[in-house]
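Please read the structure below before turning to the comments.
There are 2 protein chains.
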Amino acid sequence: MSTSAARRRERWEPDARRRQILGCAVRLFGARGYDEVSTADIAAAAGVARGLVNHYFGTKKELYLEVVRVLLTVPDTALTTIPDGDLTARVDGATTWFLDAIARHTDAWVAAMGAATPGRDPDLAAVIAEADEATVDVILRLAGRTPHPRARSPLRAALRAYVAFARSGAMEWLVHGSLSREQTHVLLSRTLTTLLTETIPVISSRSGPSEQPGSW
Amino acid sequence: MSTSAARRRERWEPDARRRQILGCAVRLFGARGYDEVSTADIAAAAGVARGLVNHYFGTKKELYLEVVRVLLTVPDTALTTIPDGDLTARVDGATTWFLDAIARHTDAWVAAMGAATPGRDPDLAAVIAEADEATVDVILRLAGRTPHPRARSPLRAALRAYVAFARSGAMEWLVHGSLSREQTHVLLSRTLTTLLTETIPVISSRSGPSEQPGSW
DNA sequence: CGACCTCGTTGACGCACCGCCAACAGGATG
DNA sequence: CATCCTGTTGGCGGTGCGTCAACGAGGTCG
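Just so you know, the sequences run in chain order A and B. To convert, take the position in the first sequence, counting from 1, and add 1; that gives my numbering. To convert, take the position in the second sequence, counting from 1, and add 1; that gives my numbering.
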């Protein structure tokens, strides 16, 4: 990815050049955070003039958004097959899959968690929110619910909170080393099971923010 | 706080001046995020030369850290009295207190959550981590445990994950409006109760990352 | 009451970074 | 080989931040 320097004015296809610059940006932003990386760094890593970065990506922030999108989708490797069995077994299987996945791409996943910090920027928040919703969809399919696509329901809200929980728990395992893998597994799977079977039914029976008393 | 402009070269006590600038910084950073606010903005809001901000706080980032510290501690209003009754009742009371507290200072709390985003900066992460640990201590006292001060135990790890869960759930209520207050209450209290009575005991009985098999 | 001293405060300088754009040149075409 | 298209360059203008020497408000002392 890192072009060996010195070659001047090499003319590439726009697509290839764009991918190359994006790759360098992913590598740098994945390692060092938004304002520790300058567009000059990225251009240098790609062996390219600084202006070209703006030419392909407009603004530094726009480039960053694309990088976060990449970081958030790469470690996904989407859970395609829903495990069999009762709910407990399915949750267990999905937890195993999840922990395997992030253990395999630890660096990328941790980088994604670091970069995908829903700060104040609304565009960045939107990108992260989209990734969250996708995760919620997975959990819903896991629970055997057809995901009313993207309703602002209490069900989805509770699961979004769970996603934050799961991420934090996984960070405890992978980054801080304060949980073993087995402990993390128990923490995530049991909490999700309880949430789905006990807590959420109660929540859904209570009156919502303004509408749907028992819609999910 | 916002000094009416034009007054030139007014000489204050260092403490007062420092507090004044910090106040303006809190107001601005609370509303607009790190790189949407320039030190010139802060200086202007305080009716002061830009250089003075650096004189009192060194770097813009150091100032930001102080602001986050303020934002994280202000909405605390520390839970002093532990409710009576069994665990369920105590958790219930504490949840009520928590939701009351953040409802009272919604703006400040949301601002704090926006600012206290554990991005890549290690110093910022440290400030946030400290606030998290304080919250975990509250929960531990709630559960009747004497908080082994700051051990890297699986117990604390699980509770840190819960803190992320609670914050996310509260945001669903306050910001997105996807949960009613009652629903949020049920979500937070029941999840914490289950965590304390069912999940954590199981976790603690499993082998840890390397040590304490059943220490908490 | 005026000279003097202290230290809070100022304004400007240097530097790094970003967005923009006119000019340049690689390489395909005829 | 001449010509055109367009990917690419390098520099210009503007902004924001950290530093520093100089300034002056306000108290002190003779």
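From the three backbone atoms N, C-alpha and C, an ideal C-beta is built for every residue, glycine too.
- Sorting A:R91, A:R121, A:E11 by C-alpha distance to the C-alpha of A:K62 places A:R121 at the top.
- Inter-residue distance for A:A158 and B:L180 is about 7 Å (C-alpha atoms, whole angstroms).
- In the DSSP assignment, B:R191 falls within the unbroken alpha helix (DSSP H) covering 182–195.
- Here DSSP, grouped into helix, strand and coil, assigns B:D122 to coil.
- Restricted to the region 107–156 of chain A, the alpha helix (DSSP H) segments that are unbroken, complete and at least 4 residues in length are 107–116, 123–143, listed in chain order.
- Looking at B:R70, B:R33, B:A135, the one whose alpha-carbon comes closest to that of B:L23 is B:R70.
- With a beta-carbon spacing of about 30 Å, A:S206 and B:R161 fall beyond the 8 Å limit used to define contacts.
- Assignment of A:E37 by DSSP, reduced to helix, strand and coil, places it in the helix class.
- Residue burial is scored here from C-beta neighbours: B:W174 has at least 16 other C-beta atoms within 10 angstroms and is therefore classed as buried.
- Going by C-alpha positions, B:G115 is about 9 Å away from B:A32.
- Those residues of the region 26–40 of chain A placed with their C-beta closer than 8 Å to a C-beta in chain B are R33, G34, Y35, D36, E37, ordered along the chain.
- For the 8 Å CB-CB criterion, A:L73 and A:A113 form a contact.
- Residue state for B:P210 is assigned as coil, using DSSP reduced to three classes.
- The beta carbon of A:A104 sits no closer than 8 Å to any beta carbon of chain B.
- In this structure, DSSP gives A:G178 a state outside helix and strand, which the three-state scheme calls coil.
- Contact between the region 143–154 of chain B and the region 143–157 of chain A is absent, with fewer than three C-beta pairs closer than 8 Å.
- Taking 9 Å as the Cβ-Cβ cut-off, the region 187–202 of chain A approaches chain B at V187, L188, L189, R191, T192, T195, L196, E199, T200, I201, given in chain order.
- Taking the C-beta atoms as reference points, A:P202 is found no nearer than 8 Å to B:G178.
- Shown in chain order are the members of the region 117–147 of chain B whose Cβ falls below 8 Å from a Cβ of chain A: T118, P119, G120, R121, D122.
- Apart from sequence neighbours up to five positions away, the residues of its chain that approach B:V27 with a beta-carbon distance below 8 Å are V68, V71, L72, ordered along the chain.
- A:A162 has a beta carbon lying within less than 8 Å of a beta carbon in chain B.
- A:G31 carries a helical assignment under DSSP once its states are collapsed to helix, strand and coil.
- Under the criterion of beta carbons closer than 8 Å, A:A167 and A:L189 qualify as touching, at roughly 5 Å.
- For A:V38, the CB contacts under 6 Å within the same chain, skipping 5 residues up- and downstream, are L29, F30 in chain order.
- When C-alpha distances from A:I43 are compared across A:V54, A:G34, A:H106, the shortest belongs to A:V54.
- Considering only beta carbons, the part of the region 156–181 of chain A lying closer than 9 Å to chain B consists of R157, A158, A159, R161, A162, Y163, V164, A165, F166, A167, R168, S169, G170, A171, M172, E173, W174, H177, G178, S179, L180, S181, in chain order.
- Taking 8 Å as the cut-off, the beta carbon of B:T192 is found closer than this to the beta carbon of A:L196.
- Residues of chain A whose Cβ lies closer than 9 Å to the Cβ of B:G115 are, in chain order, P119, G120, R121.
- Under the three-state reduction of DSSP output, A:V49 falls in the coil class, being neither helix nor strand.
- At a Cβ-Cβ threshold of 8 Å, A:H186 and A:T89 do not count as neighbours.
- By the rule that beta-carbons nearer than 8 Å mark a contact, A:R153 touches chain B.
- Within chain A, G178, S179, L180, S181 have C-beta atoms less than 7 Å from the C-beta of B:P210, given in sequence order.
- Shown here, B:G86 sits in coil according to DSSP, grouped into three states, outside any helix or strand.
- Relative to the Cα of B:V176, the nearest Cα in the group A:A126, A:A41, A:G52 belongs to A:A126.
- Rounded to the nearest angstrom, the gap between the Cα atoms of B:Y57 and A:P84 is 59 Å.
- Against chain B, a Cβ distance below 8 Å from A:I204 picks out L180, Q184, V187, L188.
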